[in-house]
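Residue numbers (my numbering): 248 to 370.
C-beta: ideal position from N, C-alpha, C; glycine also.
Here the structure is laid out as structure tokens; the discussion comes afterwards.
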Ligand code: SF4
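See the structure below:
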């Protein structure tokens, strides 16, 4: 079974860019609407243990579409590329979402918009 996953990455929770949002509320809104199949928050995906987490998350949950809400999508692509390769996950199935400096409702809105747009593309 293939799944859609959403990860929130928050620069260890110490970066001011993420202080205006409640990350748990953001994830909860997305999962309540069943816009994706699995959600999780990670403090620092670009660290070594983040690489390991990404690889196990992708293969363990059989993820066929991955959304990561955090820093800029361009930075994310560069930082996650090797983990995707190791997990056999294609870059085309990854969507980075910039949520820095947003408050909780704004972050929810941006993520919903991206996920719904991607769904429409598939349909
Ligand atoms: S991947 Fe981006 S959001 Fe996550 S810890 Fe690294 S710089 Fe911060």
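Is the beta carbon of residue i within less than 7 Å of some heavy atom of the ligand SF4?
{"i": "residue 253", "result": "no"}
Identify which residue in the options has its Cα closest to the Cα of residue i.
{"i": "residue 351", "options": "277, 251, 362, 307", "result": "277"}
{"i": "residue 282", "options": "348, 341, 316, 252", "result": "252"}
{"i": "residue 334", "options": "284, 346, 354, 308", "result": "308"}
{"i": "residue 292", "options": "304, 285, 284", "result": "304"}
{"i": "residue 209", "options": "311, 359, 338", "result": "Shown here, the chain extends from 248 to 370; a query on residue 209 therefore has no answer."}
{"i": "residue 270", "options": "365, 368, 353", "result": "353"}
{"i": "residue 268", "options": "285, 355, 280", "result": "355"}
Within a Cβ cutoff of 7 Å, which residues of the same chain sit near residue i, ignoring the five residues on either side of it in sequence?
{"i": "residue 260", "result": "290"}
{"i": "residue 357", "result": "344, 346, 349"}
Please return the same chain residues whose Cβ sits closer than 8 Å to the Cβ of residue i, not counting the five positions on each side in sequence.
{"i": "residue 302", "result": "330, 333, 334"}
{"i": "residue 363", "result": "282"}
Would you list the residues whose beta-carbon is nearer than 5 Å to any heavy atom of the ligand SF4, in the order they occur in the chain? Result: 256, 258, 291, 292, 293, 317, 318.
What ranges does the beta strand (DSSP E) occupy inside the stretch 249 to 294, keeping only unbroken runs of at least 3 residues that lie completely in it? Counting only runs of 3 or more, we get 250 to 256, 285 to 289.
For the stretch 281 to 365, list the beta strand (DSSP E) runs that are entirely contained and at least 3 residues long, ordered along the chain. DSSP runs (the beta strand (DSSP E)) wholly in the stretch 281 to 365: 285 to 289, 310 to 317, 341 to 345.
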